[in-house]
Amino acid sequence: MKFAIIAAGEGSRLAAEGIVEPKPLVRVQGEPLIDRLIRIFMKNQAEEIDVICNDRTSLVSRHLQQIQADGLQGQPVPLQFKVKSTPSSMHSFSELSPLLTGSPFVLTTVDTIFREEEFADYVAAFGRILCEGGDGLMGVTDYIDDEKPLYVGTDAGMRVTGFYDDRQPDSRYISGGIYGLAPSALDTLAGCMERGESRMRNFQRGLVRDGRQLNAYPFSKVLDIDHATDIQKAEAFLGQQSDRS
2 MKFAIIAAGE GSRLAAEGIV EPKPLVRVQG EPLIDRLIRI FMKNQAEEID VICNDRTSLV
62 SRHLQQIQAD GLQGQPVPLQ FKVKSTPSSM HSFSELSPLL TGSPFVLTTV DTIFREEEFA
122 DYVAAFGRIL CEGGDGLMGV TDYIDDEKPL YVGTDAGMRV TGFYDDRQPD SRYISGGIYG
182 LAPSALDTLA GCMERGESRM RNFQRGLVRD GRQLNAYPFS KVLDIDHATD IQKAEAFLGQ
242 QSDRS
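Just remember that our numbering sits 1 ahead of the position in the sequence shown, which is counted from 1.
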């Protein structure tokens, strides 16, 4: 299974609040966000990790070059990355898509914070969904701390019924920005790009429109690092995980 990270955003809100590092290198519990994801993906038997970062600073690409050469914490990493600025996350996904063909993959953005043990269970559940002929497993949460959440409709069996900008009767959850997808999802992505659509929520709607069989997997919490205060929230959340382990 491949894993992919969208790390091409500018982190403008963090910069405006005095955070000088590019978002992928912002540290949570002393660990850069991008290193945390790579480490977790390697623990989940990643056969390849594909990353896109922007070309507005060389700090991130140099960091990734070092991981390619020296590994992470002494462990070799099967890392491939592209350096390109894009207008949206969906455009970044499109740039990564040639690296993702022919294999199921899990995609997320670089600032997505979740509990490691929940992610391991999610990856195992995604494998089962693929074996049953499903097209994807979307990470969702009922914890809402997002400025513009994408609500996810589900039926009694946790099959995804739709994606909405506003809460609907069947939308207990919101998208956590964790996408486990079969390779066929790239056809939907290509169609979205041809139609001039943008934003990942439009891609997710495209999956439903194209009849992809998607299930939802609930995480207790998924946090994003958009503001300086989110760093403290993430550290407190992950600290609770450490206290239990």
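Idealized CB from N, CA, C, for every residue including glycine.
Enumerate in chain order the residues of its own chain whose CB-to-CB distance from residue i is below 7 Å, with the five nearest sequence positions on each side excluded.
i, result
"Cys193", "Met91, Asn203, Phe204, Gly207"
"Ile175", "Val141, Thr142, Ile145, Asp147, Pro150, Leu151, Tyr152, Val153"
"Val84", "Cys54, Asp56, Ser62"
"Ala190", "Per the sequence shown, residue 190 should be read as Leu rather than Ala. Correct list, in chain order: Phe94, Ser95, Ser98, Phe204."
State the Cα-Cα distance for the pair residue i and residue j, rounded to the nearest angstrom.
i, j, result
"Leu97", "Ile7", "8 Å"
"Ala186", "Ser199", "15 Å"
"Gly134", "Tyr165", "25 Å"
"Ser172", "Gln67", "43 Å"
"Ala47", "Arg168", "35 Å"
"Cys1", "Ser95", "Limits of the chain in this structure are 2 at one end and 246 at the other, which puts residue 1 out of reach."
"Asp36", "Thr109", "14 Å"
"Leu26", "Leu15", "12 Å"
Inspect the beta-carbon positions of residue i and residue j and report whether they are closer than 8 Å.
i, j, result
"Ala229", "Gly19", "yes"
"Thr58", "Pro23", "yes"
"Ile226", "Ile145", "no"
"Asp231", "Leu224", "yes"
"Asn45", "Val111", "no"
"Ile41", "Glu119", "no"
"Met201", "Phe106", "no"
Per DSSP, which one or two residues make a beta bridge with residue i?
i, result
"Asp51", "Ala5, Gln81"
"Met139", "Tyr180, Ala217"
"Arg160", "Asn216"
For residue i, collect the residues of the same chain with a Cβ closer than 6 Å to its Cβ; drop the 5 residues on either side in sequence, then sort them by chain order.
i, result
"Met159", "Asn216, Ala217"
"Gln30", "Glu236, Leu239"
"Ala9", "Ile53, Cys54, Asn55, Thr87, Ser93"
"Ile179", "Thr109, Gly140"
Output needed for residue i: all residues of its chain with C-beta closer than 8 Å, excluding positions within five of it in sequence on either side, in chain order.
i, result
"Thr155", "Val141, Val161, Thr162, Asp171, Ser172, Arg173, Tyr174, Ala217"
"Asp188", "Asp211"
Mind pulling the alpha helix (DSSP H) runs of 4 or more residues that sit fully within the segment 105 to 133?
-> 117 to 132
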